[in-house]
Each structure stands twice: as C-alpha cells, then as structure tokens.
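Chains as they are written, first to last, in the numbering used here: chain A, 10 to 285; chain B, 3 to 356. Glycine is no exception: its CB is placed at the ideal position from the N, C-alpha and C atoms. From a predicted model like this one, the values you see are computed outputs, not experimental measurements. This report refers to the structure that appears directly beneath it.
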Amino acid sequence: MTAGEVTRQSAATRATGRARERLEAPVRDGLAVAWRNLVGLVRVPQLLVFSTIQPLVFVLMFRYVFGGVIGRSVVSVPYVDYLMPGIFVQTAVFGAMNTAIGLATDMQTGLMERFRSLPMSRSAVLSGRTLADLARNVFVVALMTAAGFAVGFRLHSSVAAFLAAVLLVMAFGFTMSWIFAVVGLWVGDPETAQAAAFPLLVPLVFASGAFIPVSTMPGWLQAFAQHQPVTRTAQAVRDLVLGTPAASDIWLALAWDAAIIAAFAPLGVWLYRRVV
Amino acid sequence: METGHRARTALRIGAWLRGRWVRLVSSAAISTQGLTKRFGSLTALDGVDLTVPAGVVFGLLGPNGAGKTTAIRILTTILRPSTGRAEVLGHDVVREPAVVRGLIGLAGQYAAVDPNLTGRENLRLIGRLTRLPRRRFRPRADELLERFGLAEAGDRTVRTYSGGMRRRLDVAAALVPHPPVLFLDEPTTGLDPASRLALWEMIRELVGTGTTVLLTTQYLEEADRLASRVAVISAGRLIADDEPARLKERLGNTVIELRMPDENRARQATGMIAQQLSRSPEREGAVLRITARDGSRLLLDILHLLDQHALTPRGVAVHESSLDDVFLALTGHRAEAADQEEPPSSAAGPDGAP
Numbered sequence: 010m011t012a013g014e015v016t017r018q019s020a021a022t023r024a025t026g027r028a029r030e031r032l033e034a035p036v037r038d039g040l041a042v043a044w045r046n047l048v049g050l051v052r053v054p055q056l057l058v059f060s061t062i063q064p065l066v067f068v069l070m071f072r073y074v075f076g077g078v079i080g081r082s083v084v085s086v087p088y089v090d091y092l093m094p095g096i097f098v099q100t101a102v103f104g105a106m107n108t109a110i111g112l113a114t115d116m117q118t119g120l121m122e123r124f125r126s127l128p129m130s131r132s133a134v135l136s137g138r139t140l141a142d143l144a145r146n147v148f149v150v151a152l153m154t155a156a157g158f159a160v161g162f163r164l165h166s167s168v169a170a171f172l173a174a175v176l177l178v179m180a181f182g183f184t185m186s187w188i189f190a191v192v193g194l195w196v197g198d199p200e201t202a203q204a205a206a207f208p209l210l211v212p213l214v215f216a217s218g219a220f221i222p223v224s225t226m227p228g229w230l231q232a233f234a235q236h237q238p239v240t241r242t243a244q245a246v247r248d249l250v251l252g253t254p255a256a257s258d259i260w261l262a263l264a265w266d267a268a269i270i271a272a273f274a275p276l277g278v279w280l281y282r283r284v285v
Numbered sequence: 003m004e005t006g007h008r009a010r011t012a013l014r015i016g017a018w019l020r021g022r023w024v025r026l027v028s029s030a031a032i033s034t035q036g037l038t039k040r041f042g043s044l045t046a047l048d049g050v051d052l053t054v055p056a057g058v059v060f061g062l063l064g065p066n067g068a069g070k071t072t073a074i075r076i077l078t079t080i081l082r083p084s085t086g087r088a089e090v091l092g093h094d095v096v097r098e099p100a101v102v103r104g105l106i107g108l109a110g111q112y113a114a115v116d117p118n119l120t121g122r123e124n125l126r127l128i129g130r131l132t133r134l135p136r137r138r139f140r141p142r143a144d145e146l147l148e149r150f151g152l153a154e155a156g157d158r159t160v161r162t163y164s165g166g167m168r169r170r171l172d173v174a175a176a177l178v179p180h181p182p183v184l185f186l187d188e189p190t191t192g193l194d195p196a197s198r199l200a201l202w203e204m205i206r207e208l209v210g211t212g213t214t215v216l217l218t219t220q221y222l223e224e225a226d227r228l229a230s231r232v233a234v235i236s237a238g239r240l241i242a243d244d245e246p247a248r249l250k251e252r253l254g255n256t257v258i259e260l261r262m263p264d265e266n267r268a269r270q271a272t273g274m275i276a277q278q279l280s281r282s283p284e285r286e287g288a289v290l291r292i293t294a295r296d297g298s299r300l301l302l303d304i305l306h307l308l309d310q311h312a313l314t315p316r317g318v319a320v321h322e323s324s325l326d327d328v329f330l331a332l333t334g335h336r337a338e339a340a341d342q343e344e345p346p347s348s349a350a351g352p353d354g355a356p
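Given below as structure tokens:
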C-alpha cells in the first residue's frame with residue numbers, strides 16, 4: 010500500500026456521510042469515554058465509597074450538631090427539611106471535584122496525549138468525563154435521599170416535584186463539572202487539582218444559603234451569598250421539596266447553569282486542544 | 003566508441019526517468035521544513051528539515067531534552083509548531099489535523115493505557131474512538147493481544163500488568179486502526195531484552211506490510227537494527243541525517259575504556275597507544291577511551307602493548323557505541339542529559355565499569 014493509495018482511501022471515507030458524522034461523532038465518542046470512566050469507577054470502588062461517606066458525614070453533622078440551634082425561629086420548617094436540599098446541592102458541587110481530578114490524572118498518565126492523537130471528537134474527553142460524573146452524582150444523591158429520610162427528612166410536596174428537584178441538582182452538578190474540568194486541565198496533576206478545587210468549593214458551598222438563611226450574614230457577604238449559583242440552586246430545590254412557589258427560582262437556577270456551561274465548556278475544549 | 007557512448011546516454015536517461023518516477027510515486031510519508039517550536043525563551047526545535055520516505059523505519063536519535071518528543075508531538079497534532087511546516091502523507095498537521103489523526107498511530111514514552119480497564123477493553127476503546135465498526139475492532143483487539151503475547155492477560159485490568167506488558171499494550175493500542183504511519187517514542191526504554199527483541203520483530207513485520215515507522219530512541223543499536231535511515235538531533239537541531247552504517251563508519255562501533263592506576267600512567271599509555279597503534283585515545287583523568295571498528299583486535303593489541311611496558315590497567319570495559327558516543331563523535335562534547343541506562347556489554351577487572 011503506497012502513501013497515495015492510503016490518502017485516496019481515507020479521502021473517500023471522509024467524503025461519505027461527513028455531515029452525519031459531524032453530528033453523531035461527539036455523542037458517540039463522548040459516550041465511549043464516559044463508559045471508560047464509569048468502568049474505572051466500578052473497578053476502584055474505594056473511591057466511590059469514600060466520596061459517598063463524605064456527604065453522609067455532612068448529613069449527620071448538620072442534622073445533629075446544628076439542628077438543635079437552628080430552630081423554628083430561624084427557618085420556618087423543621088431544620089432537617091431545610092437542610093437536605095442544601096446537602097443535595099453540596100454533594101453535587103463536591104462531586105464535581107472528581108472531574109478536575111479525573112482529567113488531571115489522564116493528563117499525568119499520558120492518556121490525554123493518546124486521545125488527542127486519535128481522530129475522535131475534540132469535546133469527547135471532556136463530555137465523557139462530565140457525563141460519567143453526572144451518572145456518579147445520580148447514585149450519590151439517591152444515597153443521600155435515603156440517608157435524609159433515615160434522619161427525619163420529609164417531603165412537603167409531591168414525588169413529581171421531588172424528581173424535578175433531583176433533576177435540578179443533577180443539572181447543577183453537571184454545570185459545576187465544567188468549571189472543574191477547566192481547573193483540572195489548567196493544573197494538570199491530580200494533587201494540585203484537589204488543592205486548587207478546595208478553596209473554590211468552600212466559599213461557594215458555605216457562603217451560601219445551602220445550610221442556613223443568608224439573612225444572618227454581614228451585608229457584604231450577603232450580597233455575594235444571595236445571588237451566587239449554589240444559593241440559587243439550593244433555593245429552587247428547597248421550593249420544590251417544601252412545596253412553596255418555585256417558578257422564578259427554578260428559572261434563575263437554570264439560567265446560572267446555562268451561563269456557566271456556555272462560558273466554561275468552550276474554555277475547556279480550548280484548553281484541551283492546547284495542553285500537553 | 004559510438005555504441006558505448008549511446009549506451010551510457012541511454013543509461014543516464016533511464017536513471018533520470020527512474021528518479022522522476024520514484025519521486026512521483028513514493029511521496030514522503032513525513033516531511034518537515036524549518037520546523038521550530040519555542041516554549042517561552044526555550045527553543046525545543048530549531049529549524050528541523052526532515053524527509054521520511056514511505057515504508058521504512060526512520061530512527062530519530064537524541065538524548066533526553068533534545069527535542070525528539072516535541073517533534074513527535076507536532077507530527078501527531080498534539081502540539082502546534084511555532085514556525086515551519088510539517089506534513090504526514092501530504093497532509094499539513096496544522097491545517098488538516100483531523101485527516102492526519104486518521105492516518106497515524108502513536109505509542110508514547112510512558113504507557114498511555116487506562117489502568118482500570120482490561121487489556122482487551124483498552125484496545126476496544128481505541129477501536130471505537132478510531133471509528134472502526136464493532137465487527138472489525140473486536141477481532142482486531144483479540145488479534146493484537148495474541149500477537150503481543152497478552153492473550154492470557156487480556157481480561158485482567160492493566161493495573162495488574164508489569165511495565166513491559168503495559169508497554170506492549172501501548173504499542174498494540176497504536177496499531178488498532180492499521181495506521182499507515184506509526185510514531186514510536188522510545189518504545190523499548192525500560193523493556194527487558196526478550197520484550198525488546200519481540201517488539202523489534204513486530205516493527206520489522208509492520209514495515210514489511212508497507213507501514214512507515216518513525217522511531218525515537220536513545221540506543222544506537224536499536225536504530226542500527228531497525229532503521230534504514232537515522233537522524234540525530236541535539237538541542238533542537240538536526241546534526242546528522244544518514245544511513246546507520248555510514249554513521250557508524252564515521253565513529254566506529256566499539257568503545258574501549260581503560261582505567262589506569264593514576265593520571266601519570268594514563269598519560270604514558272595515551273602516548274604509547276598514539277605512537278605505536280596510531281590511535282588517539284580520549285583521556286579523562288586516569289580513564290582512556292578509544293572508539294574503533296575493530297574493537298576486539300585493538301583491545302588485544304593495546305593490552306599486549308601495555309603489558310610490554312609493565313602498565314597494568316586497573317579496569318577494562320568494552321561496549322558497543324552508545325548514543326553518547328555518537329554525540330561525542332558528532333559534536334565533540336558529551337550529551338549532558340543522555341541517560342546511561344545500559345551497563346557495558348562486557349566488563350573486566352574489579353572496577354571495570356566506569
């Protein structure tokens with residue numbers, strides 16, 4: 010086979026169904042990479058176990074340590090019912106750290122370089138990672154729900170509303186994954202990724218209305234806490250779970266998701282094309 | 003004389019036509035012009051011009067940090083060049099990266115396989131990502147596992163593999179889509195001798211079926227065994243581009259090292275060898291180094307000569323020319339970053355190895 014023949018052959022292959030290819034390829038490649046990441050998750054169960062224990066600890070801590078202080082005078086419902094929506098959102102945010110660590114690990118092991126030399130879609134490594142982390146989030150949030158019911162959490166609304174709330178949490182976790190994809194590609198090694206993610210996560214999760222109403226915070230912090238995406242998502246989830254009017258809060262939360270993905274997905278793909 | 007003249011003319015025309023024909027039919031598999039890559043103030047590649055004909059093994063030699071991996075990264079579309087051009091089978095790596103990716107296979111310096119997947123799953127993943135249909139990549143994965151001696155380990159996770167097994171799987175992964183151009187970045191570094199030989203055999207087979215292989219290595223022997231052409235790269239510049247035999251001719255292929263008891267006697271021995279055997283040893287303190295093509299004969303002569311003058315070396319080592327020696331010959335100075343991973347092939351004396 011001469012060089013010329015090879016070129017002609019591949020030119021012919023390229024010509025057929027190029028348009029269809031352009032639509033299908035990112036999805037197919039993304040799913041292949043997601044499958045690979047999920048297999049890894051199942052084969053290293055320690056990772057899943059320990060990253061599940063962490064939010065469980067949070068449930069118990071907040072429920073029983075702060076639950077006594079934060080009574081009806083602060084929140085208008087039993088604290089556990091106020092808390093759980095916040096825990097769901099927090100779980101999704103902390104789970105997104107996996108995205109950074111996973112991508113940074115692929116860079117360190119050289120697997121990223123192999124992917125970049127393959128004729129696969131440029132977005133697939135990132136979408137495959139974020140999709141796998143989304144699937145993982147479904148599992149962890151299901152577990153959190155069970156834990157919540159075990160410590161006294163009760164639905165004030167319908168099952169349909171609760172499922173909508175879970176979807177919101179998933180959408181938010183997926184959104185955060187794109188932020189942390191950028192962090193992971195930026196720093197390029199798993200230890201640094203973890204260290205870089207933490208100072209980003211803590212103010213987002215704790216300077217928010219996830220666990221307590223923001224009204225007790227000083228004015229300058231309130232301005233941030235009131236509007237940032239964790240608060241907005243936690244509020245929308247809480248509305249759905251507690252059965253209070255939710256429409257505008259849901260739209261706000263979804264607007265945050267859309268804005269963040271619109272900014273960070275292209276940035277991530279741009280970084281992926283450049284990093285080694 | 004008339005007929006002789008005519009015959010010569012006919013021969014000349016024939017040769018000229020053949021030359022044109024060859025140029026038309028077998029265009030270069032890889033070519034670069036003025037390829038340059040800068041990282042900030044560091045120039046990793048500095049105006050490299052390379053032409054790799056189709057269907058051969060081309061060896062790219064150089065010490066760590068010479069720019070070999072940077073060159074491979076540019077040719078495999080992972081990095082963009084700062085200036086200059088690079089083409090794979092006539093396709094520009096910057097303007098048509100997607101086409102180039104469909105024509106190449108890459109096996110990197112470290113085994114880029116997923117430790118959590120099994121060997122078989124790794125190969126199937128590559129098959130899927132290179133757009134092979136399932137009915138093709140499944141048997142292909144099995145076939146490659148078989149060929150690389152991984153059939154039994156195929157369903158174990160790569161985490162349990164030895165370094166050599168991972169390396170073989172890495173090369174197998176690069177071969178899944180039958181790439182016409184294969185890049186192997188130091189494929190045998192850290193491999194045991196048996197695996198190294200098996201891989202060499204594999205590379206020869208591939209070239210037999212028309213694949214072009216660009217191979218980087220630190221070992222002259224490897225390039226010598228496999229490559230029909232070798233380029234030497236140092237500090238980002240191409241310092242030689244020739245057939246391995248001609249390179250070796252230029253520097254000899256055996257290196258003899260003599261460790262004398264002290265510097266004084268080393269100086270004495272140097273003079274003697276220069277005078278009587280007309281060789282010019284290179285001296286570093288008490289150590290003499292002589293590069294030669296007739297190594298064993300010369301060694302006998304040297305030992306005989308030294309013995310006659312009651313000069314006994316404290317240690318003697320003989321080894322095949324390493325890349326380091328190529329460098330010494332080509333540039334006049336040692337390749338600072340060159341690894342000394344391989345011990346000399348034979349050593350004598352209590353502290354024979356330097």
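(request) Closer than 8 Å, Cβ to Cβ, to anything on chain A: give me those residues from the region 113 to 130 of chain B, in chain order. (result) Interface annotation for the region 113 to 130 of chain B against chain A: 113, 114, 115, 116, 117, 118, 119, 123, 127, 128, 130, criterion Cβ-Cβ distance under 8 Å.
(request) Using three-state DSSP, classify residue 56 of chain B as helix, strand or coil. (result) coil
(request) For residue 84 of chain A, I'd like the list of residues in its chain whose CB is within less than 6 Å of its CB, leaving aside the five on either flank, ordered along the chain. (result) 91
(request) Please determine, among B/138, B/153, B/106, the residue with the shortest C-alpha to C-alpha distance to residue 122 of chain B. (result) B/153
(message) At a CB distance below 7 Å, what residues from the region 121 to 153 of chain A approach chain B? Give them in sequence order.
(response) 122, 123, 125, 126, 127, 128, 129
(message) Counting only Cβ pairs nearer than 7 Å, list the residues of chain B close to residue 38 of chain A.
(response) Think of a sphere of 7 Å around the beta carbon of residue 38 of chain A: the chain B residues whose beta carbon falls inside it are 131, in chain order.
(request) Check whether the Cβ atoms of residue 243 of chain A and residue 219 of chain A sit closer than 8 Å, and answer yes or no. (result) Yes, these two residues count as a Cβ contact at 8 Å.
(message) So residue 100 of chain B contacts chain A; which residues on that side make the cut at Cβ distance below 8 Å?
(response) For residue 100 of chain B, the neighbours in chain A by C-beta distance under 8 Å run, in chain order, 128.
(request) Using beta-carbon positions only, say whether residue 159 of chain B and residue 119 of chain B come within less than 8 Å of one another. (result) yes
(request) Look at the Cβ atom of residue 95 of chain A, then the Cβ atom of residue 187 of chain A, and state whether they are nearer than 8 Å. (result) no
(request) Please name the residue in B/64, B/270, B/58, B/95 whose C-alpha comes closest to that of residue 76 of chain B. (result) B/95
(message) Please report whether the beta-carbon of residue 108 of chain B lies at a distance below 8 Å from any beta-carbon of chain A.
(response) yes
(request) Please list the segments of the alpha helix (DSSP H) lying wholly inside the region 44 to 115 of chain A, counting only runs of 4 or more residues, in order along the chain. (result) 54 to 70, 88 to 104
(request) Could you tell me the distance, in whole angstroms, from the CA atom of residue 311 of chain B to the CA atom of residue 223 of chain B? (result) 36 Å
(request) Could you tell me which of A/172, A/60, A/34 sits nearest to residue 145 of chain A, measuring between CA atoms? (result) A/60
(message) Please state whether the Cβ-Cβ distance between residue 108 of chain A and residue 190 of chain A is less than 8 Å.
(response) yes
(request) Return yes when the C-beta of residue 190 of chain A is under 7 Å from any heavy atom of the ligand ADP, and no when it is not. (result) This structure simply doesn't include the ligand ADP, nor any ligand for that matter.
(message) Going by C-alpha to C-alpha distance, which of A/166, A/47, A/76 sits closest to residue 111 of chain A?
(response) A/47
(request) Using a Cβ cut-off of 8 Å (strictly closer), state whether residue 277 of chain A contacts chain B. (result) For residue 277 of chain A, the answer is no, since every Cβ of chain B falls outside 8 Å of its Cβ.
(request) Report yes or no: do three or more beta-carbon pairs, one from the region 92 to 108 of chain B and one from the region 182 to 194 of chain B, lie closer than 8 Å? (result) At 8 Å Cβ cutoff, the stretches touch.
(message) What would DSSP say about residue 61 of chain B, mapped onto helix, strand or coil?
(response) strand
(message) Using beta carbons (cut-off 8 Å, strictly below), is residue 10 of chain A in contact with chain B?
(response) Low confidence applies to residue 10 of chain A: its pLDDT is 48, below 50, so where it sits in the model is not reliable, and the reading given next is rough at best. Answer yes: the Cβ-Cβ gap between residue 10 of chain A and chain B drops below 8 Å somewhere.
(request) Provide the residue span of the beta strand (DSSP E) that contains residue 34 of chain B, from first to last. (result) 32 to 41
(message) Closer than 9 Å between beta carbons: that is the criterion. Which residues of the region 199 to 232 of chain B meet it against chain A?
(response) 211, 212, 213, 214
(request) Keeping to the same chain, check which residues put their C-beta closer than 8 Å to that of residue 54 of chain B; ignore five residues upstream and five downstream. (result) 30, 31, 32, 33, 60, 214, 216, 231
(message) Residues of the region 41 to 55 of chain A in Cβ contact with chain B at a cutoff of 7 Å, in chain order, please.
(response) 41, 45, 48, 49, 52, 53
(request) Can you pull the chain B residues whose beta carbon is under 9 Å from the beta carbon of residue 348 of chain A, in chain order? (result) For residue 348 of chain A there is no data in the structure shown, the boundaries of chain A being 10 and 285.
(message) Excluding the 5 residues flanking residue 27 of chain B on each side, which residues of the same chain have their C-beta closer than 8 Å to its C-beta?
(response) Residue placement at residue 27 of chain B is poorly supported in this model, since its pLDDT is 47, which falls under 50; the coordinates are not used for a value here.
(request) Could you tell me whether the Cβ of residue 1 of chain B comes closer than 8 Å to any Cβ of chain A? (result) A question about residue 1 of chain B goes unanswered here, because the residues of chain B that appear run from 3 up to 356.
(message) Taking the beta carbon of residue 25 of chain B as the centre, do at least 16 other beta carbons fall within 10 Å, making it buried, or is it exposed?
(response) Low local confidence applies: a pLDDT of 43 at residue 25 of chain B is under 50, so the model's placement there is unreliable, and no value is given.
(request) Taking residue 6 of chain A as the reference, give the member of A/224, A/99, A/29 with the closest Cα. (result) Residue coverage of chain A in this structure runs from 10 to 285, which leaves residue 6 of chain A outside it and unanswerable.
(request) Kindly indicate which three-state DSSP category residue 93 of chain B falls into: helix, strand or coil? (result) Strand, per DSSP.
(request) Could you spell out where the beta strand (DSSP E) holding residue 109 of chain B opens and where it closes? (result) 106 to 109
(message) DSSP three-state label for residue 234 of chain B, please.
(response) strand
(message) Please identify, using Cβ separations under 7 Å, the residues of the region 148 to 173 of chain B that lie next to chain A, in order along the chain.
(response) Those would be 159, in chain order.
(request) Pick out whichever of B/49, B/66, B/46 has its Cα sitting closest to the Cα of residue 219 of chain B. (result) B/66
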